Every structure is written in structure tokens, then in C-alpha cells.
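See structure below.
In full-length UniProt numbering, the protein residues as written are 1 to 717.
In C-alpha cells form, the structure reads like this:
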């Protein structure tokens with residue numbers, strides 16, 4: 001401990017001296033140019049002493065992470081010339097960086113980890129994955145400031161010698177560029193010198209170096225990745241897309257639109273989960289359930305209440321009819337007419353440019369392609385509960401085929417999961433007559449939403465007939481003759497719940513197996529790992545949709561598909577980073593819950609100084625007219641500003657109302673712009689304007705209003 005305190009004290013003394021004697025002013029471009037003649041005089045009188053002193057000072061500046069290393073590099077070129085300056089700076093910078101590295105490892109580990117934890121995470125992941133090459137990349141293309149790399153690397157497990165050698169080599173190219181620029185800077189004596197060819201070239205290199213270095217790194221990475229594969233001389237396709245869900249359909253559509261030759265491979269049903277098992281069928285049954293609920297509460301509209309009578313088979317048949325009506329939009333025939341070649345079968349990636357297809361007719365076909373887009377989607381996650389297979393279960397995928405055969409809805413339905421899917425289906429089946437028990441391990445349902453939102457959702461589901469058991473952990477399932485039981489734990493006690501049907505709705509997991517990803521070495525950790533351009537380990541293999549995350553929504557899959565397709569087809573010209581800044585989503589319970597951006601919980605977690613503006617739908621004329629006044633609009637803004645950080649809407653048509661805020665956030669429009677926009681009366685959309693009005697009211701300029709009141713009083717005489 002004493003050694004650490006002495007080391008820390010020494011470092012603090014040196015840093016204090018640096019600022020006390022105003023040395024940071026010398027280590028600026030103006031300071032350098034003002035004293036360059038003095039430095040030259042000293043050098044002529046004592047060249048060895050000046051060189052040694054410069055070396056030591058450079059080491060100290062780098063080791064102590066002080067500002068001015070870049071200026072000193074320029075100064076080295078001006079004082080010592082390209083060759084000598086390069087040797088001095090190259091070794092001084094590497095030694096200084098290594099000292100900073102050792103200080104961080106020995107002394108500052110806890111402090112740096114705490115302060116830069118978010119930046120440290122990708123560093124650690126990169127070191128673990130690529131080791132020295134990752135450090136070389138950071139040195140050659142300065143994604144992070146060099147001083148930060150020195151400190152953060154001290155917190156990793158990289159060896160000291162490796163750090164030094166990689167730094168020595170990695171910083172060499174940048175050092176050459178800066179030292180060379182310094183040699184030209186020293187020659188400026190007139191306006192003619194400013195416009196000299198050599199000087200212009202040197203400073204152009206300063207600007208171009210990051211781009212050149214980045215291309216070098218990209219080339220090296222490609223050679224490493226593709227080293228063991230033989231690239232075809234010609235390709236059968238420009239793009240092959242694996243998966244015919246939202247991401248796959250959009251990717252192949254874009255490729256066909258720009259006249260690329262594209263093949264789409266789907267192993268099951270076109271349209272993927274959204275059309276066949278998720279968005280479309282669930283919204284169809286939600287509507288039927290809502291109408292049934294309106295029959296029961298017709299008094300809200302001046303009518304007589306009636307218990308709805310219906311055939312459950314007809315309800316389920318309507319669900320299938322709705323799917324069939326939407327199906328042509330995603331059909332093989334439509335995409336074929338758009339110019340997409342559609343193959344039905346199972347795809348496996350053999351190498352980075354070859355896909356093998358086992359078609360439904362039993363034939364096997366191989367195609368080569370310049371680019372591949374993996375869009376295989378996700379499937380419901382089934383928890384490893386003992387006895388689950390014995391009692392039987394359905395998921396959000398399988399219930400539509402299973403329940404269509406039932407004459408009546410399940411009498412006793414247990415729903416595992418308190419997320420969006422579990423809540424939507426629990427409320428719907430309760431309204432259709434099932435006795436629904438919803439089991440959630442957490443202390444509340446819809447955990448990703450604010451507490452007031454999940455509380456309102458809990459109340460509405462309960463009012464619809466759902467028995468919600470939060471804080472209950474499913475332990476096992478048991479079957480005795482025809483009796484099916486799920487055993488849950490609550491506050492240390494085991495509780496047995498009998499049921500007729502069990503629905504697993506505890507989330508979805510990416511489809512990763514069987515596509516050849518393991519053989520290719522493409523990293524998967526619950527999802528396929530991609531970079532900002534949706535490239536996998538191989539720059540010509542992309543992934544999009546639920547297999548990537550971080551949001552498992554159809555509209556996000558389509559959004560990602562644009563980036564995957566455009567980067568695949570035109571990435572050699574221009575690549576685009578996928579943009580997740582403004583992502584809306586909706587949970588279609590009644591009333592709906594829609595959100596975009598931050599909610600209160602997230603704003604608090606991020607330490608944002610925010611304020612909340614809230615408008616209740618009970619004050620909206622259209623909501624009153626429709627007897628649907630439950631819910632609110634909640635807007636998160638920075639203190640005193642109308643910038644929209646996030647919006648949560650709970651109410652009828654919330655999923656549609658959120659779009660105005662999505663547009664505003666996407667294009668940087670604040671609440672004042674929404675307030676100044678004409679909204680038709682009486683509509684639900686007026687709620688957005690009134691929410692903006694609430695913010696304006698809270699920020700009214702009271703001083704000006706007081707003066708105006710005095711003016712009007714005076715004007716009355």
C-alpha cells in the first residue's frame with residue numbers, strides 16, 4: 001500500500017509541476033511555432049543533451065497521460081528531422097505508453113474500471129477474441145485516444161511485452177506521418193512556405209491517414225478470415241438470403257429492385273413468424289376478444305349488456321382466414337414476380353460464398369454467391385421444466401394449429417410469462433371465456449415498462465378475468481392420470497395449480513443451429529454477433545432480424561434488412577451503420593401500450609436530469625365520446641428543454657399515436673413543433689398536441705406574462 005501511495009504521490013507532483021509552470025501552453029501548435037527558434041539554438045549548442053531531454057520529457061508526458069504528445073511529435077520532426085525524430089518519438093512513445101500501462105495495472109485498476117467501465121467492455125471483448133491484433137488495430141486506427149488505450153489495456157490480461165511490441169509497431173505509421181508533417185512545419189518562413197507542395201502533402205496525409213490505416217486493417221482482417229477458403233472466380237448469385245420472414249423478404253426485395261440476382265431460401269412458410277404465428281394471428285384473436293368484451297359492457301355505449309355467444313371454432317377459423325388473406329403479400333408468387341428466385345428447402349452455408357440447399361423434393365443444389373444474408377428468425381423459448389413434456393404445452397407458434405380443433409376455449413389455461421406475448425394472449429383468452437392464470441417470476445408483469453404502466457396493465461388484465469401470480473417461480477409439472485399440475489414457488493412455499501392447457505410465453509430464442517455457422521466460426525452467443533454494418537465475422541456474410549437482436553420486432557427486422565442488403569450489394573462503395581436511435585414498439589393489450597425512446601426508469605438508470613410531462617386521456621374529447629378514457633401520454637424531456645427523449649402512451653390506438661413522436665424524434669423536432677401542428681378535431685391524435693401543450697404550460701414565461709397583464713390593465717385606462 002505504501003509503494004502505491006508513493007507512486008501516486010510522485011505522479012501527482014509531476015502533473016502539478018506540469019501545470020504550475022504552464023507547460024501545457026508550450027505543448028500547443030502556437031507555443032511550438034513561437035519557440036521553435038529557441039529550441040534550435042539549444043539543439044545546436046548541445047545536440048545530445050537536447051535529444052536526451054526531449055526523449056525523457058516525451059516519455060513522461062506519455063506515461064502521465066498529459067496533453068501535448070501530438071505537438072511533441074511535430075516538434076521532433078522540426079528539431080531532429082524525419083529519421084532522428086522518428087527514432088526518438090517511436091521509442092519514447094512506446095516506452096511512455098508501457099509505463100502508463102503498468103501504472104494503470106498496478107495503481108489505477110479500480111478507479112479506471114469504475115470511470116470507464118462502458119468503454120472497457122469492448123476492449124476486453126476484443127482482447128479476448130483477437131488479442132494482440134485487436135491492440136494493433138486500435139494503434140493503427142485510433143478509435144480511442146492513445147492515452148485511454150494505455151490506461152484501459154492495463155486492466156486487461158495482455159502481457160506487458162506484447163503490449164510494448166505491438167504499440168511499437170502499431171504506432172509507427174502514424175508517427176511517420178506526424179514527424180514528417182513536423183519537418184515541413186519547421187520550414188514555414190513566409191506565405192510561400194505555407195503553400196509549399198511538401199507541406200500540403202504532409203498535412204493531407206494527417207487527414208487521410210485514418211482512412212488509409214482503416215483500409216489496411218480491413219484488408220489484413222479479410223486475409224486472416226478468408227485464408228483457409230478458396231474464393232470462386234465467378235458467382236451464380238449476387239445475394240442469397242436464408243429465411244423468408246420480415247428481414248429475409250425485405251432484403252431479397254431490395255436486391256431484386258436494384259436488379260441484383262438474388263435467391264431466397266425458406267424451409268417452412270413464407271412470411272415467417274409474424275404472418276403465421278405472431279403479429280397477424282394474435283391481432284386477429286385480440287380483436288375478436290375485444291368485441292366479446294364490448295358485448296359484456298355494452299352499457300358503456302348506452303346499450304344493454306349481453307354475454308357473448310359464439311363458436312370458438314369459428315373464432316379460430318377467422319384467425320386462419322385473416323392469415324390466408326394477408327398471405328399473398330408474402331407469397332412465393334409475389335416475390336417471384338418481383339424478380340426474386342424463391343427456393344423451398346433447408347440451407348446450409350458450406351463456405352463464405354457457397355450455400356447448399358436440400359430442397360423439399362429431396363434434391364440437393366449448391367449455389368455460389370458474392371453475399372449472404374442470414375435471416376432465420378427466432379422460435380419460442382421453452383423452459384427446461386421437469387415434467388413439461390409429460391403434461392404437454394403449446395407456444396405462441398403452435399397454439400393456432402392446436403386450438404383450432406377445440407370446440408370451446410381451454411377451460412383452465414396457465415400462461416407462463418408476463419411479457420408482451422403472455423399479456424396479450426392471457427387477456428384475449430380470458431375475454432373468450434378461459435379461466436386464465438398467468439405466472440410471472442418477477443415482481444410485476446411487463447417489466448421493461450415503468451411501474452405505473454405495468455400497474456395499469458395488471459389492473460386491466462385482472463378486470464378482464466386474468467389471475468396474475470407475480471413473484472411465482474415455476475418449478476415442475478406433474479401428471480396424475482388425466483390431472484395436469486404445475487408446481488410454483490412463492491415466498492418459500494410450493495403451490496400446485498391444476499390446468500387443462502399450458503402456454504409457454506417466456507421469450508424467444510434465435511434460430512442458430514443447422515446453418516453451418518459453427519463450421520465457419522461465426523460467433524453466436526444467443527444471437528449472431530455482428531458489427532455496426534450487420535457484418536458477421538465474414539464481411540460478405542450479413543445477418544438481420546431476430547437472429548441478431550437487440551429488438552425482436554418485425555419492423556426492426558425490416559429496418560435491419562435495408563442496411564444488410566445495401567451494405568452487401570454496395571458496401572465496397574459506401575457502407576451504412578444500422579441506426580437504432582428511434583425504435584418504437586407496442587404491446588397490444590387493451591388498452592394498448594406503446595413506447596419510443598427512454599422511459600422514466602431508463603432515464604434514472606442513465607443519470608439523466610429529466611422531467612416528465614403527462615396528459616390523461618380522461619381530458620380528451622374523443623376518448624370521452626368513445627368511453628375509453630383509461631390511459632395517458634407521458635413524455636420525457638431534458639430539464640427546461642422541449643427535446644423529446646422518450647414517450648410512453650397507454651390507451652386506445654396507442655400504437656398509431658406513437659408514430660407522430662417517432663417522426664419528431666427521428667428528425668429532431670421538439671414538443672413546440674408538435675404543439676404548432678394542426679390536428680383534426682375530434683381525434684385521438686389531439687392527445688399528442690395536448691401533451692405538448694402541458695409542457696408549454698409548465699414552461700410559460702411568467703415574467704413576460706406578468707408584464708403583459710400590466711400592459712393590458714394599463715390599456716383599459
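Just so you know, even glycine gets a beta-carbon here, dropped at the ideal spot from N, CA and C.
Please read these numbers as outputs of a predicted model, since none were measured by experiment.
Beta-carbon contacts of residue i that lie in its chain and below 6 Å, excluding the five residues immediately before and after
i: residue 549; result: 527
i: residue 469; result: 439
i: residue 62; result: 69, 93, 96 and 97
i: residue 660; result: 688
i: residue 393; result: 502 and 504
i: residue 229; result: 351 and 352
i: residue 630; result: 591
Contact under 8 Å by Cβ, residue i with residue j
i: residue 330; j: residue 275; result: yes
i: residue 256; j: residue 262; result: yes
i: residue 488; j: residue 426; result: no
i: residue 418; j: residue 437; result: no
i: residue 293; j: residue 464; result: yes
i: residue 244; j: residue 270; result: yes
i: residue 235; j: residue 316; result: no
i: residue 289; j: residue 431; result: yes
i: residue 259; j: residue 367; result: no
i: residue 720; j: residue 578; result: The question about residue 720 has no answer here: the residues shown for the chain are numbered 1 through 717.
i: residue 516; j: residue 348; result: yes
i: residue 617; j: residue 691; result: no
i: residue 280; j: residue 225; result: no
i: residue 634; j: residue 648; result: yes
i: residue 381; j: residue 511; result: no
For residue i, the three-state DSSP class (helix, strand or coil)
i: residue 472; result: coil
i: residue 485; result: strand
i: residue 344; result: strand
i: residue 608; result: coil
i: residue 321; result: helix
i: residue 220; result: helix
i: residue 281; result: helix
i: residue 760; result: Absent from the structure is residue 760, since the part of the chain shown begins at 1 and ends at 717.
i: residue 647; result: strand
i: residue 42; result: helix
i: residue 597; result: strand
i: residue 313; result: helix
i: residue 700; result: coil
i: residue 409; result: coil
i: residue 536; result: coil
i: residue 98; result: helix
i: residue 519; result: helix
i: residue 576; result: coil
i: residue 709; result: helix
i: residue 353; result: coil
i: residue 626; result: coil
i: residue 495; result: strand
i: residue 543; result: strand
i: residue 229; result: coil
i: residue 513; result: coil
i: residue 264; result: strand
Classification of residue i by the beta-carbon crowding that lies within 10 angstroms, buried from 16 upward
i: residue 705; result: exposed
i: residue 552; result: buried
i: residue 307; result: exposed
i: residue 328; result: exposed
i: residue 364; result: exposed
i: residue 66; result: buried
i: residue 22; result: For residue 22, the predicted model reports a pLDDT of 49, less than 50, meaning its position is unreliable; a value from the coordinates is still stated below. Counting Cβ neighbours within 10 Å, residue 22 comes out exposed, since fewer than 16 surround it.
i: residue 570; result: exposed
i: residue 684; result: buried
i: residue 652; result: buried
i: residue 711; result: exposed
i: residue 539; result: buried
i: residue 150; result: buried
i: residue 360; result: exposed
i: residue 716; result: exposed
Residues near residue i by beta carbon distance below 7 Å, same chain, minus five either side
i: residue 391; result: 477, 479, 484 and 502
i: residue 587; result: 420, 423, 424, 446 and 593
Contact test: residue i Cβ vs the ligand MG heavy atom, cutoff 7 Å
i: residue 674; result: Among the components of this structure there are no ligands whatsoever, and the ligand MG is therefore not found.
Three or more C-beta pairs below 8 Å linking the region 579 to 595 and the region 443 to 457: yes
Decide if the region 667 to 676 is in contact with the region 599 to 611; the criterion is three or more beta carbon pairs, one per stretch, under 8 Å apart. The region 667 to 676, when compared against the region 599 to 611, does not touch it at the 8 Å Cβ threshold.
Meets three-Cβ-pair contact criterion under 8 Å: the region 45 to 58 and the region 84 to 92: yes
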